[in-house]
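Scroll down for the structure; my scribbles are underneath it.
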Amino acid sequence: MKKYSLSVIMPALNEEKNIEKAVINTLTALNKHEINGEIIIVNDGSTDNTANIARELSKNIDNLKIITHKKPEGIGRSVWDGMKSSEKDIVVYFPADNENDPDDALRFFDLMDNVDILVPFIHNIEVRDKTRRLISAIYNFIINMTFGIKLNYHNGTTLYRRVILNDIELSNFGFFYQAEILIKLIRKGYLFAEVPNYLGQRASGESKALTSKSFVQTSVGYLNLAYTIHIKALETKKNYQKLHPESITYQRNLEFENKINDSGEYASSK
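So, in structure tokens, the structure goes:
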């Protein structure tokens with residue numbers, strides 16, 4: 040089993056009360072699971088003390104990098120910029136608000152030896168109020184029905200094999216970005232698995248996911264992607280030979296094809 044390296048992308052917008060603990064918890068998880076990892080903080084134009092705290096942390100943590108946006112560009116842009124700056128094998132997004140436990144998120148890390156995408160779903164849904172659960176259920180139903188996929192959750196701490204991200208372009212940089220990435224990669228045929236994930240309580244501040252601005256961004260992103268896929272019909276038939284050759288999906292399909300060819304040659308020689 041190969042030991043993969045990992046980049047943790049941590050976007051932060053005014054997270055001065057949470058960022059230090061988020062970094063420490065992530066480092067602890069990386070060490071516990073013996074993962075060669077790095078943390079990339081993307082300061083998305085914070086106006087509080089987030090930038091200074093991140094800089095102080097980087098002085099004592101060698102595997103901590105910082106990307107700075109002069110003004111807020113959105114969570115999607117922040118995560119995408121972090122992913123594109125990574126040189127590790129696997130990339131994942133961890134929020135800077137401590138809502139997700141890094142240790143729990145990485146306990147299935149070894150499964151990346153068999154898939155290209157590891158998608159978490161919330162196992163303890165009772166941690167969120169009924170309104171939030173209802174909104175999530177409706178959102179997931181609409182996404183799955185519209186784009187022909189079947190996932191329990193689209194906005195979690197998903198692990199991606201970094202090279203497969205080169206096969207897509209991201210058009211939405213708001214809160215719909217995670218769904219867009221998953222939809223495009225899964226429709227291309229990349230192998231994925233779903234795993235349970237326990238969600239914690241946000242340590243401080245309020246989530247930015249349920250604002251009128253995020254609702255508009257998500258709606259626009261959804262409509263644009265639906266138009267691209269179903270109206271412009273830019274999606275092509277799945278063909279593993281067009282997938283990234285370093286992906287598990289490509290390698291598994293190639294192995295299977297070779298076995299079929301070998302079987303045919305054996306049969307014809309008899």
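The numbering of the sequence shown is this note's numbering, which starts it at 40 and goes up by one.
Backbone N, C-alpha and C fix where the C-beta goes; we use that ideal spot for every residue, glycine too.
In this structure, R201 keeps its C-beta atom at 8 Å or more from the C-beta atom of D152. Across the structure, N137 and T196 are spaced so that their CA atoms are roughly 12 Å apart. Here DSSP, grouped into helix, strand and coil, assigns T288 to helix.
Assigned with DSSP and collapsed to three states, S124 falls in helix.
Inter-residue distance for H193 and N179 is about 7 Å (C-alpha atoms, whole angstroms). A residue is called buried when at least 16 other Cβ atoms come within 10 angstroms of its Cβ; Y132 meets this threshold and is buried. Distance from the CA atom of I299 to the CA atom of G228, rounded to whole angstroms, is 20 Å.
Contact between the segment 182-190 and the segment 102-112 is absent: fewer than 3 CB-CB pairs across the two stretches fall below 8 Å. Between the segment 83-98 and the segment 156-167 there are fewer than three C-beta pairs closer than 8 Å, too few to call the two in contact.
Within the same chain, Cβ atoms closer than 6 Å to the Cβ of D155 are found at R200, I203, Y229, L230, S286, I287 and T288, the five residues on either side in sequence being excluded. According to DSSP, residue pairing for I48 in a beta bridge involves I79 and Y132. Of H108, W119, R171 and D143, the smallest CA-CA separation from S85 is found for H108. Contact between I106 and V81 holds: CB atoms are separated by about 5 Å, below the 8 Å threshold. Straight through space, the alpha carbons of D301 and Y237 are spaced by roughly 45 Å.
Annotation for T257: G213, F214 and F215 place their beta carbon closer than 7 Å to its own, counting only its chain and skipping 5 residues before and after.
An exposed status is given to S251, since fewer than 16 other beta-carbon atoms sit within 10 Å of its beta-carbon.
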